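Everything on this sheet refers to the single structure shown next.
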Amino acid sequence: MDAKLKQELIQTFSERLSQAAKMYMENCSRCGLCIEACHAYASSPETRYTAVGRAQNIRRIYEEYFKKGKIAKKLNEAVELSDFWMEKVYETAYTCTGCRRCMTYCPFGIDTGVIQGIAKMMLITADQEPKALSMLADMSIAKGKTIEKTKTNFAAAAKNLEKEVLERWRSEGGEDVVPLDVQDANVLYVALAGKHSIIPAAAIMNAAKEKWSLSYFEAVNFGAFVGNPAKTKEIAGRIIDEAKRLNVKEVVICECGTAYRVMKHMTGEKPFGVITFAELIARYIEQGRIKLDKSKLPGKVTYHDPCQIARQGGIYEPPRYVLNHLTDHFVEMTPNRQANWCCGGGGGLVAIGEKDFRMKSAKVKADQVKATGAEVLCTACENCHTQLSDLNEHYGLGVEVMYLSDLTAKALVQD
Amino acid sequence: MVNQIFYVITVPMVYLAVAWCLVGIAVKVARVAKTPAHPFTLKIFPDKDHPVPSAVWGALSMPTVRRHNPTFWVFLILFHIGVALLILSHLDMLPWFNIYPEDSPNMIGNGAVGVVVTAAILYFLLRRFAGPLREVSVPADYLLLFLLFCVAMSGDIISWANSWSENGFVLTKQDFGEYLNGLFHFSWADPAETIDGGHYVVLVTHVFLANLFLMVLPFSKIMHTFFAIPLNKLRRG
């Protein structure tokens, strides 16, 4: 590794040392309590797949470049930056899903996600990050810059979805089935790139007679996955600008955990509310704006709490409220809510592939699902859905993995 | 020569160690305090209604440890309460504190507190030699615990084993109190002039190790004493 790159990496590290990061670097007592917290370690007991194991890769570099004293460095096993240690940095960044379950074990609450953030930014500096994530982030940013040119095509694509939406919920005369650019809308719905994320949501919002508008932008934030704060902000900024332009009351994020966390908690104060689609469905049920037919969902149903909306967002009860209106056979996973095991697909792992590692590291999740005896496994996050579907196939779980929105749309009672 | 070394350890080095420790702590805390806060919340849900009291209680009672490793938690609680009592019992040697009767030869807890703390440190040390914890431990972890163990062990000899003579305590709490009082009043008096006998060398050892510990403290993870509450506050929003 040449001296120039080394210097740039130290500079990157230094820029990521917030107050929290500094405290995390200096105060871990390596008590080992977090070891049992990680799904990857629980599935494949290797110490490198623990919060403390991953953090030590970064902490040892910190000891070398940000601490003084030769003896102290030796005693803390400080290491110089090298190609080998950049591989360890990669391991820290991309064997962790950022689920933050370890935070609920650590006596100090050390956030591995913050340490992972340092690792990811170092990889970007060294041009060693997964290129798929950077490219996807750049594409999102480019779309923001050229949106005016693509609006017509987008509107045509949205129009093509009408038939399938109407199959789920008949529309009133003159009503836009998939509305765009609705000024002063109550809801700006931000979907993912794919009709599975739009059709059920459109049917539900139309059934609730909502004044809503579909965002031109996809919710997913690859800037967050790759760990680039500037790109994260820019990608989220496109949606924020659109919401301000339309003067909407609320931005409703589709079933994408990271998109929700970024929009709700990582982009500062905004002149509109930010909620998950699960919360919106729960609200419609509570207000009597939609009615659901329980007979559409026979058999046992369980729910996987996506880390980014549950532990990271506090959205524990709304999905359960909805499920209890969809079925009389809802069963909880054990553990659940804050203690739920991560599915193993977050942090960009699903997007970059890594299927062998994802399957190996999530055996504990597969066992957890199996133990419920459920026939339907419901979740409210695209990443989780993909990972759980892969687990279903890999471990032969025999469940049907479904989105909460899809289950709801299928159970809508037509008046 | 030996007497001079003993004097340096028991008087000037104590002042140096305490000053070093206090300045070190202040510098460390100030450095963290002036670093910009993290750009977004690091809170874990569900929300706590009162994040500050909750962070204080969380730092002191360590509920996550109790939930996930009750044995470790028992030793941690015993250790931390024990250390607090030991600090108090050292202060109790001074004439203006009277928690234990002034004429009692015993420290608070009659030596038992120190023994419990020593046992806890031994547990912390031994658990590092097994399983995955061994893989993540670094030499500093073992050495720090070993140093603490030696401080505690030498303290036990003074507070407890010191009484295992036919006539009871060889050196009394009052003897140590006079030494501590002299330090507090910057008398620069040589404690050897008032404390004598075979146990004096144990006192010197204890003071030397404690001095070392104080000097190492600002550079060690013992700094969590000052950061445990702010750290716990971060996850509570």
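Residue numbers (UniProt numbering), protein chains in the order written: chain A, 1 to 415; chain B, 1 to 237.
Glycine residues also receive a C-beta, built at the ideal position from the N, C-alpha and C atoms.
Model, not experiment: these values are computed from the prediction.
Burial state of residue i, where buried means 16 or more other Cβ atoms lie within 10 Å
i             : result
LYS211/A      : exposed
GLY109/A      : buried
THR258/A      : buried
TYR90/A       : buried
LEU143/B      : exposed
ILE5/B        : exposed
SER220/B      : buried
ARG159/B      : In the sequence under discussion, the amino acid at residue 159/B is Ser, which differs from the Arg named in the question. So SER159/B ends up on the buried side.
VAL177/A      : buried
SER14/A       : exposed
residue 242/B : Absent from the structure is residue 242/B, since the part of chain B shown begins at 1 and ends at 237.
GLN56/A       : buried
MET13/B       : buried
PRO36/B       : exposed
GLU382/A      : buried
GLN7/A        : exposed
GLN116/A      : buried
GLY345/A      : buried
ARG54/A       : buried
ASN247/A      : exposed
LYS4/A        : exposed
ARG67/B       : exposed
Extent of the continuous beta strand (DSSP E) run through residue i
i        : result
VAL202/B : Segment 200-216 is the alpha helix (DSSP H) holding VAL202/B; no beta strand (DSSP E) there.
CYS378/A : 376-379
LEU188/A : 187-190
GLU250/A : 250-253
For residue i, the first and last residue of its enclosing alpha helix (DSSP H)
i        : result
TRP212/A : Counting along the chain, TRP212/A falls outside any alpha helix (DSSP H), though it belongs to the beta strand (DSSP E) covering 212-214.
GLY273/A : First-last for GLY273/A: 273-276, but that is the beta strand (DSSP E), not the alpha helix (DSSP H).
ILE5/B   : 2-10
GLU302/A : Going by the sequence as given, residue 302/A is Thr instead of Glu. Taken as a continuous stretch (DSSP letters only), THR302/A belongs to no alpha helix (DSSP H), being part of the beta strand (DSSP E) at 301-304.
TYR65/A  : 51-66
LEU404/A : 404-410
LYS88/A  : 83-94
HIS196/A : Looking at the DSSP string, HIS196/A is not in any alpha helix (DSSP H), and its letter there is neither H nor E.
ARG67/B  : 63-68
VAL369/A : 363-372
ASN27/A  : 19-27
ALA259/A : 257-265
Under the three-state DSSP convention, the category residue i falls into
i        : result
LEU397/A : coil
VAL182/A : coil
LEU75/A  : helix
VAL52/B  : helix
PHE330/A : strand
LEU22/B  : helix
LEU166/A : helix
LEU5/A   : helix
LEU388/A : helix
LEU280/A : helix
LEU42/B  : coil
LEU161/A : coil
LEU292/A : strand
ASP176/A : coil
ALA219/A : coil
PRO36/B  : coil
ILE285/A : helix
VAL413/A : coil
ILE235/A : helix
ILE315/A : coil
GLU148/A : helix
PHE75/B  : helix
Min CB distance residue i to chain D below 8 Å
i        : result
THR172/B : This model lacks chain D altogether, as its protein chains are A and B.
Should the segment 206-219 of chain B be regarded as contacting the segment 16-28 of chain B, the criterion being three or more beta carbon pairs within less than 8 Å?
The segment 206-219 of chain B, when compared against the segment 16-28 of chain B, does touch it at the 8 Å Cβ threshold.
In chain order, which continuous runs of the alpha helix (DSSP H) of length 4 or greater are located wholly inside the UniProt domain "NarG-like" (77-235) of chain B?
Listed in chain order, the complete alpha helix (DSSP H) runs (minimum 4 residues) inside the UniProt domain "NarG-like" (77-235) of chain B are 112-127, 131-136, 139-159, 173-184, 200-216, 224-235.
Are the segment 337-351 of chain A and the segment 19-36 of chain A touching by the rule of at least three beta carbon pairs closer than 8 Å?
Too few Cβ pairs lie closer than 8 Å, so no.
Under 8 Å, with one C-beta from each stretch per pair, do the segment 100-117 of chain A and the segment 197-211 of chain A reach the 3-pair mark?
Output reads no: the segment 197-211 of chain A does not touch the segment 100-117 of chain A.
Sufficient close CB pairs (3 or more, under 8 Å) joining the segment 186-195 of chain A to the segment 120-140 of chain A
Segments in contact, no.
The segment 260-277 of chain A touching the segment 285-299 of chain A, judged by at least three CB pairs closer than 8 Å
No, they do not touch.
Quick test of the definition: if touching needs 3 or more C-beta pairs under 8 Å, does the segment 121-128 of chain B touch the segment 35-50 of chain A?
Judged by Cβ distances under 8 Å, the segment 121-128 of chain B makes no contact with the segment 35-50 of chain A, as fewer than three pairs qualify.
The segment 221-237 of chain B in contact with the segment 190-201 of chain B per 3-pair CB rule at 8 Å
No, the segment 221-237 of chain B does not touch the segment 190-201 of chain B.
contact_flag[the segment 300-315 of chain A, the segment 41-52 of chain B] where n(CB pairs < 8 Å) is 3 or more:
Counting C-beta pairs with one atom in each stretch, the segment 300-315 of chain A and the segment 41-52 of chain B have three or more that are closer than 8 Å, which means they touch.
Could you check whether the segment 69-76 of chain A touches the segment 187-196 of chain B, counting it as contact only if at least three pairs of C-beta atoms, one from each stretch, sit closer than 8 Å?
No, they do not touch.
Taking contact to mean 3 or more Cβ pairs, one atom from each stretch, closer than 8 Å, check whether the segment 379-390 of chain A and the segment 344-359 of chain A are in contact.
Verdict: yes, contact present.
Given 8 Å as the limit, is there contact between the segment 102-117 of chain B and the segment 169-182 of chain B, that is, 3 or more CB pairs closer than that?
Counting Cβ pairs under 8 Å, three or more are found: they touch.
Do the segment 271-283 of chain A and the segment 320-339 of chain A meet, that is, are 3 or more Cβ pairs less than 8 Å apart?
With the cut-off at 8 Å, the segment 271-283 of chain A and the segment 320-339 of chain A touch.
Does the contact criterion of 3 or more C-beta pairs under 8 Å hold for the segment 223-234 of chain A versus the segment 154-165 of chain A?
Under the 8 Å Cβ criterion, the segment 223-234 of chain A does not count as touching the segment 154-165 of chain A, having fewer than three qualifying pairs.
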